[in-house]
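Worksheet: one structure, shown below.
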Amino acid sequence: MKYYIYENKCAEDFEPLSLTRPAFDLRCGPFTFLERLFKLIPDSAEISLIVRENLVNLAREMYPDLEVNPGDIEQGIWLLGNVFWREDDLKQIANTSSEIFQSEDMQIGANLSQQEGNDWMNKGGPVSADLQLDLPTTKLDSLPVNYLWEILQKIPWTMEEDTRHFLKRNEIVNSDQNLQVINPSNIWIEEPNKIKPAVVIDASKGSVIIEKNVEIGPFSYLKGPLFIGKGTIIYPHSQIKESVLGPVCRVGGEVAGTIIQGWSNKAHDGYLGDAFLGEWINLGAGTNNSNLKNNYTSVKVTVNGKIIDTGSLFIGSFIGDHSKTAIGTQLNTGTSIGIGCNIVSKGFPPRFIQPFTWFMNGKHVSTKIETFIKTGETVKSRRGLSFSAAERELCRSLFVQKQE
1082 MKYYIYENKC AEDFEPLSLT RPAFDLRCGP FTFLERLFKL IPDSAEISLI VRENLVNLAR
1142 EMYPDLEVNP GDIEQGIWLL GNVFWREDDL KQIANTSSEI FQSEDMQIGA NLSQQEGNDW
1202 MNKGGPVSAD LQLDLPTTKL DSLPVNYLWE ILQKIPWTME EDTRHFLKRN EIVNSDQNLQ
1262 VINPSNIWIE EPNKIKPAVV IDASKGSVII EKNVEIGPFS YLKGPLFIGK GTIIYPHSQI
1322 KESVLGPVCR VGGEVAGTII QGWSNKAHDG YLGDAFLGEW INLGAGTNNS NLKNNYTSVK
1382 VTVNGKIIDT GSLFIGSFIG DHSKTAIGTQ LNTGTSIGIG CNIVSKGFPP RFIQPFTWFM
1442 NGKHVSTKIE TFIKTGETVK SRRGLSFSAA ERELCRSLFV QKQE
């Protein structure tokens, strides 16, 4: 069976993180949306990806074994990537033909003939518009998300669902008598790891998953639901609660209700709450974000040129790849920082900062793109990685787009 996993026209509403990755590559728990689908789709399935045109080369680099934006469309199943898919819904789609599927008034999938699929792609495909074919429509329970904060709000559900379905139960292997655990049956620790004395792991409110090669400093408190990815370091005296930390992060201080894609540093004291961070980010010592307004009203966020009322009291910051804050930076509720930014400010910076901006004490200065790329190469080389040709191409095109 052929599967097409696609972005739709709302993918840009996941900015700033979706500027540099397909929406289905966002982390939503132990896995990204796409990784979840890989676990739900039959192993025999043939998978292609449909992404925005400026992400094609990057997606091909990220997923070299998958076809990206194929020219020839076959009969197959079409699945919107930014959906918390349920296995029973996927089975229902597979047992139909020439049918559209919706949830929350959004088209989230279809089972299309070759002709129907080609007709859609010839009109721009899902990244341009929904299907306009006169086909039967069925509602499903699988939940789509439209904005980054909606993913944050689903951390408890995702951790519970993915732990139950995708992880084999294991025992805690650690002989250190100073490790304190609460509800050990809900804790997964992959060996090898380094957990220092006087660490408390509290899984009473949700599962805790610690992947291999993780280091946890002494006197740290870890509260579930919580995922800590491979190679991440938690520094001593940290409080990490109800969060998802991707691979190879450096984390200290207090972190709550937050997702970090991976490869980012928040190594020092300071509070990070209800935030969503990309990759290759560095938060200077004492960086704090507010996640609650003093008047207890819902937080508004600038998204893709629009001001959106989140309907939530607790909203922190959204920070794009390769952005950095200076020591002592204070971020307001609902702050959105684009990719490639540097924040150096004595007071609160604006709640929306364009990509490739140096914000220095009230002044917006555009980053020099080649300087940015050189810095990115240096940053990634410190972790044994390179700043690829596709990444450079994408960043240059985003920089030009910003100038227009």
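Per my numbering, residue 1082 is the first one in the sequence shown, and the count goes up by one each step. We put the CB at the ideal spot given by N, CA and C, even for glycine.
Own chain residues within Cβ distance below 6 angstroms of residue i, not counting five before or after
{"i": "LEU1171", "result": "LEU1121"}
{"i": "ASP1283", "result": "ILE1263 and LYS1304"}
{"i": "PRO1317", "result": "GLY1298, PRO1299 and PHE1300"}
{"i": "ILE1128", "result": "TYR1084 and LEU1147"}
{"i": "VAL1280", "result": "LEU1260, ILE1297 and SER1301"}
{"i": "SER1178", "result": "ASN1192"}
{"i": "ARG1141", "result": "VAL1149"}
Close-in-space but distant-in-sequence residues of the same chain around residue i (CB under 7 angstroms, 5 per side omitted)
{"i": "ASN1372", "result": "GLY1354, ASP1355, PHE1395, ILE1396, GLY1397 and THR1414"}
{"i": "GLU1474", "result": "ASN1138"}
{"i": "LEU1326", "result": "PHE1308, ILE1309, GLY1310, THR1313, VAL1332 and ILE1341"}
{"i": "THR1448", "result": "GLY1421, PHE1437, THR1438 and TRP1439"}
{"i": "HIS1410", "result": "Reading the sequence as shown, one finds Thr at residue 1410 and not His. GLY1365, THR1368, ILE1424 and SER1426."}
{"i": "ARG1477", "result": "ILE1450"}
{"i": "LEU1118", "result": "ILE1086, LEU1160 and TRP1166"}
{"i": "GLY1465", "result": "none"}
Element boundaries [beta strand (DSSP E), containing residue i]
{"i": "ALA1337", "result": "1335 to 1337"}
{"i": "GLU1180", "result": "1180 to 1184"}
{"i": "ASN1192", "result": "1187 to 1193"}
{"i": "LYS1304", "result": "1302 to 1304"}
{"i": "GLU1127", "result": "1127 to 1131"}
{"i": "LEU1160", "result": "1157 to 1161"}
{"i": "PHE1095", "result": "First-last for PHE1095: undefined, no H or E at that position."}
{"i": "CYS1416", "result": "For clarity, residue 1416 is Thr in the given sequence; the question names Cys instead. Start and end: 1416 to 1418."}
{"i": "TYR1085", "result": "1083 to 1087"}
Separation of residue j from residue i, as counted between CA atoms
{"i": "LYS1304", "j": "LEU1216", "result": "47 angstroms"}
{"i": "SER1099", "j": "LYS1444", "result": "26 angstroms"}
{"i": "GLU1241", "j": "LEU1233", "result": "14 angstroms"}
{"i": "PRO1111", "j": "GLY1359", "result": "15 angstroms"}
{"i": "GLY1190", "j": "TRP1269", "result": "33 angstroms"}
{"i": "ARG1108", "j": "PRO1431", "result": "26 angstroms"}
{"i": "VAL1289", "j": "GLY1351", "result": "23 angstroms"}
{"i": "GLU1271", "j": "LYS1347", "result": "23 angstroms"}
{"i": "ILE1389", "j": "VAL1226", "result": "14 angstroms"}
{"i": "PRO1097", "j": "TYR1144", "result": "21 angstroms"}
{"i": "VAL1125", "j": "GLU1197", "result": "The displayed chain sequence assigns Ser, not Val, to residue 1125. Between SER1125 and GLU1197, the C-alpha separation is close to 23 angstroms."}
{"i": "LYS1405", "j": "ASN1370", "result": "14 angstroms"}
{"i": "LYS1221", "j": "LEU1136", "result": "Note that residue 1221 is Leu in the sequence shown here, rather than Lys. Roughly 29 angstroms between the two C-alpha positions."}
{"i": "LYS1235", "j": "GLU1185", "result": "15 angstroms"}
{"i": "SER1379", "j": "MET1441", "result": "29 angstroms"}
{"i": "GLU1180", "j": "GLN1173", "result": "11 angstroms"}
{"i": "LYS1461", "j": "GLN1213", "result": "44 angstroms"}
{"i": "SER1256", "j": "LYS1275", "result": "Reliability fails at SER1256, whose pLDDT of 43 lies under 50, so the model's placement of it is uncertain and no value is given."}
{"i": "MET1082", "j": "PHE1357", "result": "35 angstroms"}
{"i": "PHE1453", "j": "THR1101", "result": "15 angstroms"}
{"i": "ASP1094", "j": "ASP1211", "result": "16 angstroms"}
{"i": "GLY1162", "j": "GLN1320", "result": "32 angstroms"}
{"i": "PRO1278", "j": "LYS1286", "result": "23 angstroms"}
Range of the contiguous alpha helix (DSSP H) that encloses residue i
{"i": "MET1143", "result": "1137 to 1143"}
{"i": "PHE1114", "result": "1114 to 1121"}
{"i": "ILE1174", "result": "1168 to 1175"}
Cβ-Cβ separation, residue j to residue i (assumed contact under 8 angstroms), whole Å
{"i": "TRP1238", "j": "SER1393", "result": "Their Cβ separation, rounded to whole angstroms, is 16 angstroms, which puts TRP1238 and SER1393 out of contact at 8 angstroms."}
{"i": "SER1209", "j": "LYS1090", "result": "6 angstroms"}
{"i": "GLN1195", "j": "ILE1154", "result": "6 angstroms"}
Own chain residues within Cβ distance below 8 angstroms of residue i, not counting five before or after
{"i": "THR1391", "result": "TYR1228, TRP1230, SER1379, VAL1380, LYS1381, VAL1382 and GLY1415"}
{"i": "GLN1183", "result": "ILE1189, THR1218, THR1219, LYS1220 and LEU1221"}
### Query
Which ranges would you report for the alpha helix (DSSP H) in the region 1420 to 1469 if only whole runs of at least 4 residues count?
1450 to 1462
### Task
Run through the region 1204 to 1283 for me and flag every whole alpha helix (DSSP H) of 4 or more residues, listed as ranges in chain order.
1229 to 1234 and 1236 to 1247
### Query
Quick one: complete beta strand (DSSP E) runs, 3+ long, within the region 1286 to 1367?
1289 to 1291, 1302 to 1304, 1307 to 1309, 1320 to 1322, 1335 to 1337, 1340 to 1343, 1352 to 1354 and 1357 to 1360
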